[in-house]
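Following: one structure in structure tokens, then a few remarks.
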Amino acid sequence: MSLLGWSIGGLCFGVGLAAALMARARAPMFPSFALPLVWLLALVAFSLTLPSEPTPYFREGGVLGWGVLTATGLWLVGAFVGSRLGWEWLGALLPMGAPVLALLLARNDLLPALWGVGIATGLMWTLLGRAWASVSGVALSVLALSWTTGLAPIAGAPLWFGVCVAGAGLVAFGLATLLARMGRAGWRYSYILLFGGFALTAVGYRLAGSDAPWLQLTLMTLLAATLARGLSGSELWSRYALLVWVGLLASAFATMRGYGVAACALMASLHALVMSHREFTATTDHENALYTAGALLLTSVLGFRLFTLSYPLQVPRADLYLYFTLLAFLIALIGLGALGLWWSQRGEGSPLWRSLLAGFWAIAAPLALTAVFTERAAAGWSVGALSASLSAYLYGNRLFGWLAPLAMLGLIILLPLGNLAATVADMPRAVRLSVAIGLAVAAVLTALVIAVADREPKA
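Take the sequence shown: its position 14, counting from 1, is numbered 23 in my numbering, and each next residue is one higher.
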């Protein structure tokens with residue numbers, strides 16, 4: 010990482026602090042101290058990436074910390090601009106600039122930089138909650154763009170394709186906002202602008218000599234989004250419409266070593282982001298939830314694909330009939346659901362310490378299970394967390410909005426740290442047993458803290 014890169018990262022982080030302080034003073038819709046806390050946690054995460062010796066500190070290996078700094082600063086500014094000033098498209102543009110900066114400034118250490126962007130996104134999504142209406146769509150779009158960019162060198166795909174698709178989506182977002190202010194609101198305008206931009210990008214790559222099926226992937230995503238919209242009018246049929254996104258996943262998964270899923274995930278995430286703005290799309294809650302569920306499904310599979318390519322699963326494979334994988338799957342499916350239920354009990358006014366505790370366990374549990382049971386547990390947790398979120402959506406439960414960031418948070422942290430945690434599983438049995446005991450003790454202490462904090466005063 011060059012001096013220019015560190016200068017830009019430090020500048021973004023500094024401006025992010027100013028935005029966090031301004032938001033706390035001028036934007037009462039944000040949870041108290043949420044944005045400054047995001048900044049502080051990002052600073053802690055960055056400090057953990059600094060080597061103890063030798064100096065200078067800003068060396069290779071610190072690129073993950075650079076990604077955390079840069080993305081956190083852009084996220085904080087974007088949240089303030091998007092919610093306080095009403096420039097939603099600009100608020101979405103700023104965080105999505107972090108993967109682009111990683112591509113420009115950290116080409117030789119691209120994956121660690123993108124992991125840092127993901128960590129910042131997970132922090133922001135969990136702690137900001139639902140105070141900014143666009144946070145889910147922007148977070149999924151940033152993750153999809155980051156992981157699409159990271160998968161490109163592995164799959165032999167064009168490195169800048171994801172950036173071009175994201176640019177087309179953001180241009181469509183801005184034009185749809187402009188048309189709405191001119192009185193031309195409606196989902197059709199956004200739909201045409203969005204998929205028209207995707208199609209032009211695909212045709213441009215085709216004319217540039219790429220033989221990849223970009224246009225086919227765009228048409229497949231368009232068909233899935235159209236079917237989803239057609240089925241979303243009924244609360245019952247909108248649940249079954251989740252199979253539309255499963256069909257898109259099955260159709261695109263085998264294309265270009267998984268890069269087809271990456272392209273579809275990015276387009277679906279941008280589609281969910283744009284359509285969530287009901288002031289100019291006039292969409293319903295059922296419809297927006299369906300779009301978000303589809304984007305969550307595709308982006309999660311994209312992240313899991315990147316995990317399996319970055320850290321090849323050892324023999325025996327992480328099949329669900331293996332005990333360690335199945336155990337982690339069940340813990341995620343049941344435990345994450347219970348965690349999300351507890352987190353959501355206070356509704357939108359949930360105290361910040363609840364968000365911190367929920368985020369801690371969404372990170373600590375998969376890492377501890379991986380340390381005890383190897384990468385097989387990481388695979389089981391990732392699938393179980395996704396299953397918990399989609400189950401909440403399928404049964405019409407309001408927990409879906411609370412479980413989505415927790416489910417993604419585990420995958421976000423497993424990508425950079427899963428391999429490191431798995432090395433503990435190769436240590437003597439006593440070491441692994443101590444990790445399991447530590448996890449159990451932490452769970453008991455957490456339960457005691459919750460019992461004391463939530464105890465109702467006696468009459």
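We put the beta carbon where it would ideally sit given N, CA and C, even for glycine.
Can you name, in chain order, every residue of its own chain whose Cβ lies under 6 Å from the Cβ of Thr379, other than the five neighbours on each side?
Looking up residue 379 in the sequence shown gives position 370. Only Ala386, Ala387, Gly427, Ala430, Ala431 meet the Cβ criterion.
Excluding five sequence neighbours on each side, which residues of the same chain lie with their C-beta closer than 6 Å to the C-beta of Leu299?
Stepping through the sequence shown from its first residue, residue 299 is reached at position 290. Ala237, Ser241, Ser247, Ala250, listed in sequence order.
Helix, strand or coil: how does DSSP classify Trp141 here?
Taking the first residue of the sequence shown as position 1, residue 141 is located at position 132. The answer is coil: DSSP assigns Trp141 none of H, G, I, E or B.
Please list, in chain order, all residues of the same chain as Phe382 whose beta carbon is under 6 Å from its beta carbon, the five residues on each side excluded.
Locating residue 382 in the sequence shown gives position 373, where the first residue counts as 1. So the qualifying residues of the chain are Phe333.
Give me the Cβ distance between Thr135 and Leu152, rounded to the nearest whole Å; I'm assuming they're in contact under 8 Å.
Reading the sequence shown from its first residue, position 126 is the one you call residue 135. Reading the sequence shown from its first residue, position 143 is the one you call residue 152. At roughly 13 Å, the Cβ-Cβ gap does not stay under 8 Å, so Thr135 and Leu152 are not in contact.
Okay, do the region 254-273 and the region 226-235 touch, 3+ Cβ pairs below 8 Å being the bar?
The region 254-273 vs the region 226-235: in contact.
Mapping the DSSP letters down to three states, classify Phe382 as helix, strand or coil.
The count along the sequence shown starts at 1 and reaches residue 382 at position 373. Note: Phe382 maps to helix in three-state DSSP.
Taking the alpha helix (DSSP H) that Arg93 falls in, what are its first and last residues?
Looking up residue 93 in the sequence shown gives position 84. 72-93 is the span of the alpha helix (DSSP H), which, as asked, contains Arg93.
Measuring CB to CB, does Leu44 end up less than 8 Å from Ala27?
The residue labelled residue 44 in the question sits at position 35 within the sequence shown. The residue labelled residue 27 in the question sits at position 18 within the sequence shown. In this structure, Ala27 does not lie closer than 8 Å to Leu44 by Cβ.
What three-state label does DSSP hand Met436 in the structure shown?
One-based indexing of the sequence shown puts residue 436 at position 427. In the structure shown, Met436 sits in coil (DSSP, three-state: anything other than H, G, I, E or B).
In this structure, does DSSP put Arg363 in helix, strand or coil?
The residue you call residue 363 lines up with position 354 of the sequence shown. Arg363: helix per DSSP, three-state reduction.
Rank Pro375, Ile422, Ala413, Leu448 by C-alpha distance to the C-alpha of Val144 and give the top, closest one.
For this step, residue 144 is matched to residue 135 along the sequence shown. Taking only the C-alpha atoms, the option nearest Val144 is Ala413.
Roughly how many angstroms lie between the CA atoms of Gly419 and Gly23, to the nearest whole one?
Within the sequence shown, the letter at position 410 stands for residue 419. Within the sequence shown, the letter at position 14 stands for residue 23. C-alpha separation (whole angstroms): 28 Å.
Taking all protein chains shown into account, do 16 or more other C-beta atoms lie within 10 angstroms of the C-beta of Thr64, making it buried, or fewer, making it exposed?
Walking along the sequence shown from the start, residue 64 turns up at place 55. Here Thr64 scores only 49 on pLDDT, less than 50, and its place in the model should not be relied on; the value that follows carries that caveat. Classification of Thr64: exposed, given that the 10 Å Cβ count is below 16.
Identify, in the order they occur along the chain, each residue of the same chain with its Cβ nearer than 6 Å to the Cβ of Ala371, setting aside the five sequence neighbours on each side.
As a working note, residue 371 is residue 362 in the sequence shown. Here the set comprises Leu415, Leu418, Gly419.
Evaluate the contact criterion for the region 388-401 versus the region 359-369: three or more CB pairs, one atom per stretch, below 8 Å.
No contact exists between the region 388-401 and the region 359-369.
On a Cα-Cα basis, can you pick out the residue from Val47, Gly91, Leu99 that is closest to Leu78?
Walking along the sequence shown from the start, residue 78 turns up at place 69. Considering only alpha carbons, the answer is Val47.
So which of Leu376, Gln354, Glu97, Arg407 has the shortest CA-CA distance to Arg441?
Position 432 of the sequence shown, counting from 1, holds the residue named residue 441. Ranking the options by Cα distance to Arg441, first place goes to Leu376.
Taking 7 Å as the line, does the beta carbon of Ala153 fall inside it for any heavy atom of the ligand GDP?
The ligand GDP is not part of the structure shown, which contains no ligands of any sort.
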